[in-house]
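Enquirer: Pasting in a structure now, in structure tokens, and then I'll have a few things to ask.
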Amino acid sequence: MIMPTIMKFGGTSVADAQAFEKVARIVRERIQQVPVVVVSAMSGFTDALLASTRIAREGRTEEAIASLESSFLRHSETAKELLSDEGSLAFAKVVDLAQRAVSQQLQVIALQSNRFRALQDSVLAFGEGLSSLLLAHVLTERGVTAMHIDARECVITDEEYGCAAPLFEQTFSATQSTLLPFLAAESVPVLGGVIGSNTQGLTTTLGRGGSDYTAAIIGAALSAREIQIWTDVSGVLTADPRVVPAAQTVERLSYGEAAELAYFGAKVLHPKTIQPAIEDCIPVRICNSRTPDDVGTLVCAQTETTPRTVKAIAHKTGVTTVQISSARMLGAYGFLRALFEVFEKHRTVVDVVTTSEVSVSLSLDDATSLPAIVEELSNLGTVRVENRRAIICVVGEGLRGTPGIAARVFSTISDINVTLISQGASSINFTFAIEEERVNEAVRRLHEAFFEADSSACRSSMSDKL
């Protein structure tokens with residue numbers, strides 16, 4: 363039975379010719395792992411495509427088309443550096459056809475704004491389509507038998523444009539029938555991430571960050587031995603390195619720990635990535651394409667509890683908290699159902715929830731529909747909204763059963779006001795909200811308390827013994 367390794371490369375891993383060369387080397391050196399490659403669009407291209415569709419929607423078609431000139435030229439110039447004259451010329455023709463197709467789509471968007479989301483997905487698909495085709499050519503010219511596969515032949519979705527959900531039965535069947543013959547022939551399939559098609563064959567996308575999801579779906583369909591997420595950092599870190607320069611790589615995480623970190627702000631993993639891996643018990647490894655020999659982080663079904671219990675600290679800004687207070691809650695049933703039906707009606711996801719006898723507090727990432735939500739919630743009780751909040755999530759297996767963790771957290775940030783606390787829904791995370799402007803300070807303090815102080819004490823102890 364063929365058990366491939368899914369290797370997903372993000373946008374920074376295919377940012378330029380040098381990055382493409384590194385990816386080709388990584389794949390070639392791991393050819394014995396039976397790779398299936400999933401690749402994102404070249405860094406910055408998806409943002410440019412998104413911006414062009416918004417400009418076109420406002421009727422400024424020529425401006426939208428012109429805004430993409432440099433991006434398409436970048437693809438052709440990169441191909442010149444990487445491919446033979448014949449190969450680069452062939453790819454330049456593909457880029458020219460893609461540019462014309464996108465221009466036509468932008469013109470249609472200007473005329474048919476009612477079809478905006480479907481047309482936008484068609485435009486965005488060119489990002490991953492071009493990068494995956496270029497990588498397939500690069501691999502071939504570097505001596506790897508590779509074949510470009512249109513991901514729309516494998517990933518079948520519903521019709522929720524912009525954030526489509528895979529239809530797993532159809533997707534697994536299509537993926538197996540499409541990819542297994544190439545694997546049997548010892549050829550490396552190269553697919554674009556994010557892209558799918560609905561049952562009518564129209565292009566859909568899985569949403570931002572969906573390349574990771576594509577890799578996990580393909581991995582589950584092919585019963586992969588491992589899913590590798592190649593990015594520009596060496597695995598999951600103990601905190602955001604932009605906030606905590608001393609952040610360290612976490613060598614092992616459980617699926618639950620990784621999911622919590624992803625959901626609450628860790629950028630390395632897309633939250634949806636974990637679910638297909640969990641269901642099929644497929645390990646997920648986060649690797650650094652710039653330093654491929656680094657061990658990275660292995661995410662698997664089970665992992666040990668570390669001596670410090672805490673594995674990492676994640677945070678998320680731009681959060682809004684909402685508190686609903688009502689004496690009608692006291693001893694009543696059906697109140698919470700009525701409350702959450704409001705959020706369901708407005709298709710708004712609730713992150714963290716805490717309740718007391720007469721109030722419910724919760725946090726939101728997306729406050730777009732908040733005015734309408736608040737108006738309806740006012741029928742249930744008094745509503746208080748707090749903007750510019752941040753969520754901090756302390757994660758580690760066995761957190762709930764380890765005494766003193768909460769005390770250590772709050773003593774470390776005792777001068778910072780905490781507006782929402784949640785522990786209990788999961789035994790592996792302790793979550794709270796604070797004012798956004800103090801989140802970096804809080805994360806740095808907590809990291810020092812749980813990681814740097816412990817390391818210093820350990821070094822001091824070792825020195826004493828010597």
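Residue numbering for the sequence shown follows the working numbering, beginning at 363 and increasing consecutively.
Positions of the beta carbon are idealized from the N, C-alpha and C atoms, including for glycine.
(1) Is there contact between the region 739–752 and the region 777–797, where contact requires at least three CB pairs shorter than 8 Å?
(2) How close, in whole Å, do the beta carbons of Ala508 and Val456 come, if the pair is a contact with beta carbons under 8 Å?
(3) DSSP on Asn749, reduced to helix/strand/coil?
(4) Taking buried to mean at least 16 other C-beta atoms within 10 Å of its own C-beta, is Lys707 buried or exposed?
(5) Can you say whether Ser516 is buried or exposed, counting buried as having 16 or more other CB atoms within 10 angstroms of its CB?
(6) Per the contact definition of three or more C-beta pairs closer than 8 Å, is the region 727–739 in contact with the region 696–710?
(7) Can you have a look at Leu451 and say buried or exposed, based on whether 16 or more other CB atoms are within 10 angstroms of its CB?
(8) Can you check which of these residues, Ser688, Gln610, Asp602, Ala513, is closest to Thr567 by C-alpha distance?
(9) Three-state secondary structure (DSSP) at Lys827?
(10) If you run the structure through DSSP and keep just helix, strand and coil, what is Ala678?
(11) Would you kindly work out how many angstroms separate the C-alpha atoms of Gly489 and Ile589, rounded to a whole number?
(12) Can you tell me the Cα-Cα spacing of Glu719 and Gly760, whole angstroms?
(13) List the DSSP bridge partners of Leu724.
(14) Relative to the alpha-carbon of Gly491, which residue among Ser573, Ala639, Val736, Ile393 has its alpha-carbon at the smallest distance?
(15) Less than 7 Å between C-beta atoms, sequence neighbours within five positions excluded: which residues of the same chain meet that for Ala583?
(16) How long is the line joining the alpha carbons of Phe705 and Leu739, rounded to whole angstroms?
(17) Roughly how many angstroms lie between the CA atoms of Val715 and Val606, to the nearest whole one?
(18) Between which residues of its own chain and Leu782 is the CB-CB distance below 7 Å, once the five residues before and five after are set aside?
(19) When you compare each of Leu701, Asp777, Pro733, Gly563 to Gly743 by their alpha carbons, which one comes out closest?
(20) Can you tell which of Pro528, Leu553, Leu529 has the C-alpha that lies nearest to the C-alpha of Thr540?
(21) Just checking, does the region 609–618 make contact with the region 369–387 on the three C-beta pairs under 8 Å criterion?
(22) Provide the residue span of the beta strand (DSSP E) that contains Lys370, from first to last.
Expert: The short version:
(1) Touching, yes.
(2) The beta carbons of Ala508 and Val456 sit about 16 Å from each other, so the pair does not count as a contact at 8 Å.
(3) Here Asn749 carries a strand assignment [DSSP, helix/strand/coil].
(4) Answer is exposed; the Cβ neighbour count stays below 16.
(5) With the sequence shown as reference, residue 516 is identified as Cys, and Ser is not the correct amino acid for it. It is buried - the Cβ of Cys516 has at least 16 other Cβ atoms within 10 Å.
(6) Three or more beta-carbon pairs separated by less than 8 Å link the region 696–710 to the region 727–739, which places the two stretches in contact.
(7) Taking a 10 Å sphere around the C-beta of Leu451, we find fewer than 16 other C-beta atoms and assign the residue as exposed.
(8) Comparing Cα positions, the closest option is Ala513.
(9) Confidence at Lys827 is low in this model, with a pLDDT of 42, below 50, so its placement is unreliable and no value can be given for it.
(10) At residue 678 the sequence reads Lys, which differs from the Ala that was named. Under the three-state reduction of DSSP output, Lys678 falls in the strand class.
(11) Gly489 and Ile589: Cα-Cα distance of roughly 22 Å.
(12) Glu719 and Gly760: Cα-Cα distance of roughly 28 Å.
(13) Its beta-bridge partners are Val684, Val715.
(14) Closest by C-alpha distance to Gly491, out of Ser573, Ala639, Val736, Ile393, is Ser573.
(15) Beyond the five residues adjoining it in sequence on each side, Ala583 comes within less than 7 Å, by CB distance, of Thr533, Phe534, Thr537, Gln538 in the same chain, given in chain order.
(16) Cα-Cα distance, rounded: 9 Å.
(17) Their backbone Cα atoms lie some 28 Å apart in a straight line.
(18) Only residues of its own chain outside the window of five on either side were considered, and among them Thr683, Val714, Thr716, Ser723, Ser725, Phe794, Ala795 have a CB closer than 7 Å to the CB of Leu782, listed in chain order.
(19) Comparing Cα positions, the closest option is Leu701.
(20) When only C-alpha atoms are compared, the closest one is Leu553.
(21) Two segments are said to touch when three or more pairs of C-beta atoms, one from each, lie closer than 8 Å; by this definition the region 609–618 does not touch the region 369–387.
(22) From DSSP, the beta strand (DSSP E) with Lys370 extends over 367–371.
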